[in-house]
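Mapping the sequence shown onto this note's numbering, position 2 (from 1) lands on -6, and the numbers just tick up by one. Worksheet: one structure, shown below.
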Amino acid sequence: MFGLGFTEIIIILVVILVVVKPEDLPKFFKKIGQLYRELKKTCSDVNKMKDEFVKLADAEEAKEDKKINESAELSSRE
């Protein structure tokens, strides 16, 4: 989990307990959960966009290769 060990997680939790009031902890963790879901959704969207871009680039490259091959065939026939 993000390369954090048990002791680092405990230290983070202790700092959270010191900084955030105990009665505000449920709100705090709810907000953290919302932010995590939003981050996960954004990462997923970025990956989808990247995949679409790669497909588009591959299609364009295939078109260019086909044109080059066709012109090479025409010149070799002559």
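Ideal placement from N, C-alpha and C gives every residue a C-beta, glycine not left out.
| Query | Result |
| --- | --- |
| DSSP on Leu(-4), reduced to helix/strand/coil? | coil |
| CA-CA distance, Thr(-1) and Met41? | 37 Å |
| Do you know offhand how far Ile60's Cα is from Phe45's? | 23 Å |
| With the cut-off set at 7 Å, would you say Phe21 and Val12 are in Cβ contact? | no |
| Could you check the C-alpha separation between Gly(-3) and Leu5 for me, to the nearest Å? | 13 Å |
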